[in-house]
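Everything on this sheet refers to the single structure shown next.
Residue numbers (our numbering), protein chains in the order written: chain E, 6 to 118; chain H, 2 to 117.
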């Protein structure tokens with residue numbers, strides 16, 4: 006079975022631009038979560054989606070948004086990029102919204118110049 | 002708000018040495034605790050988890066962790082480490098969020114290097 010896949014793997018943007026990151030969950034998983042991991046820190050929760058609805062949001066500004074599609078894949082959008090948005094963005098999927106057993110993708114490394 | 006503290010940021014051990022990585026958490030609800038591991042070049046993956054019952058939980062590759070409620074701790078242990086255990090280890094607590102979902106709150110991680 007394919008694991009969680011994310012695209013692109015690396016991305017370079019400049020300040021003020023917008024970016025869209027994509028995630029495909031493990032087949033059968035209905036919940037997708039997004040995490041931001043800054044170098045030297047643990048992953049920080051951004052969003053959880055389950056059955057195409059937002060089920061949780063972390064302490065991130067409104068520049069961050071996401072959605073989940075009928076096939077359970079998901080996109081994370083970040084507008085008006087700041088230097089501080091440079092990080093590894095991780096997507097994780099689970100069978101249900103309540104499970105802490107997350108299956109992570111390899112992430113998208115975003116660099117904002 | 003929940004939080005997780007990992008006391009050791011970098012640990013270097015020789016093969017066959019014993020390992021104990023500290024983790025303390027702060028959370029007012031029912032606790033679900035996890036250790037995740039990230040091997041070099043690989044994605045983050047679950048090592049072991051505690052939901053309820055026996056406070057000593059066993060995970061993959063000979064790892065175990067003990068939940069001590071009175072100390073708010075969930076330390077990770079392995080009696081004899083191998084070179085292949087070189088990785089970054091993250092402790093995490095699961096918490097409910099507004100909207101009905103769940104989130105993991107991670108510690109800052111411990112980078113373990115095992116030398117031959």
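We treat Cβ as the ideally placed atom computed from N, Cα and C, and that holds for glycine.
Proximity of residue i and residue j at Cβ, strictly below 8 Å
i             : j             : result
residue 40/E  : residue 30/E  : no
residue 38/E  : residue 107/E : yes
residue 44/H  : residue 111/E : yes
residue 60/E  : residue 101/H : yes
residue 24/H  : residue 76/H  : yes
residue 82/H  : residue 34/H  : no
residue 95/H  : residue 63/E  : no
residue 51/E  : residue 65/E  : yes
residue 100/E : residue 33/E  : yes
residue 83/E  : residue 68/E  : yes
Cutoff 6 Å; reference residue i; Cβ partners in own chain excluding five residues on either side
i             : result
residue 58/H  : 49, 51, 66
residue 114/E : 15, 93
residue 102/E : 36, 55, 60
residue 27/E  : 12, 80
residue 77/E  : 30, 35
residue 18/E  : 24, 86, 117
residue 79/H  : 20, 63, 64
residue 22/E  : 86
Residue from the options with nearest C-alpha to residue i
i             : options                : result
residue 98/E  : 85/E, 20/E, 56/E, 22/E : 56/E
residue 22/H  : 12/H, 62/H, 55/H       : 12/H
residue 91/E  : 20/E, 10/E, 9/E        : 20/E
residue 109/E : 14/H, 98/H, 39/H, 94/H : 39/H
residue 31/H  : 60/H, 88/H, 3/H, 86/H  : 3/H
residue 89/E  : 33/E, 36/E, 42/E, 34/E : 42/E
residue 60/H  : 70/H, 47/H, 53/H, 68/H : 47/H
residue 112/H : 92/H, 95/H, 88/H, 97/H : 88/H
residue 53/E  : 95/E, 32/E, 22/E       : 95/E
residue 120/H : 53/H, 68/H, 86/H       : Residue 120/H lies beyond the range of chain H shown here (2 to 117); nothing can be said about it.
residue 69/H  : 63/H, 79/H, 55/H, 62/H : 55/H
residue 45/E  : 53/H, 98/H, 29/H, 90/H : 90/H
Spatial neighbours of residue i in its chain, beta-carbon cut-off 8 Å, leaving aside the 5 residues before and after
i             : result
residue 84/H  : 16, 115, 116, 117
residue 72/H  : 25
residue 108/H : 5, 6, 7, 24, 91, 92, 93
Endpoints, beta strand (DSSP E) assigned at residue i
i             : result
residue 57/H  : 57-59
residue 114/H : 111-116
residue 26/E  : 24-29
residue 39/E  : 36-42
residue 27/H  : 25-27
residue 111/E : Taken as a continuous stretch (DSSP letters only), residue 111/E belongs to no beta strand (DSSP E), as it is neither H nor E.
residue 60/E  : 58-62
residue 21/H  : 20-22
residue 10/E  : 10-12
Cutoff 7 Å; reference residue i; Cβ partners in own chain excluding five residues on either side
i             : result
residue 8/H   : 23
residue 42/H  : none
residue 27/H  : 3, 4, 73
residue 106/H : 3, 4, 5, 93, 94, 96
residue 29/H  : none
Beta strand (DSSP E) runs contained entirely in the segment 71-109 of chain E, provided each spans 3 or more residues: 79-83, 92-99
Inside the segment 34-71 of chain H only - beta strand (DSSP E) runs reaching at least 3 residues: 46-51, 57-59, 65-69
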